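J.: First the structure, which I've put down as structure tokens, then a few questions once you've had a look.
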């Protein structure tokens, strides 16, 4: 899948610096899961074995749930 985001990064999770980036997620021919990030001419391919990818997905789900809960307060 291909996603386009405005990333708020640099200096930590809660610091806001606006950077437009593209994120692609998909399997590789070697049986890995690749997160491919492209921003300002920089390309960062991150490969994970399927178990690591599952752990990352769970961390993302958990962070999304925590973010939703903080908005409702």
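Residue numbers (my numbering): 362 to 434.
We treat Cβ as the ideally placed atom computed from N, Cα and C, and that holds for glycine.
All values derive from a computational prediction rather than experimental measurement.
Give me, in chain order, the residues of the same chain whose beta-carbon lies closer than 6 Å to that of residue 409; leave out the 5 immediate sequence neighbours on both sides.
T.: If we look at residue 409 and ignore the five residues flanking it on each side, its Cβ neighbours are 394.
J.: Roughly how many whole angstroms lie between the Cα atoms of residue 401 and residue 412?
T.: Between residue 401 and residue 412, the C-alpha separation is close to 30 Å.
J.: Residue 408 by DSSP, collapsed to three states: which one?
T.: Correct three-state label for residue 408: strand.
J.: Judging by CA-CA distance, which residue of 381, 399, 382, 415 is the nearest neighbour of residue 388?
T.: When only C-alpha atoms are compared, the closest one is 415.
J.: Can you list, in chain order, the residues of its chain whose CB lies under 7 Å from that of residue 399, leaving out five sequence neighbours each side?
T.: So the qualifying residues of the chain are 382, 383.
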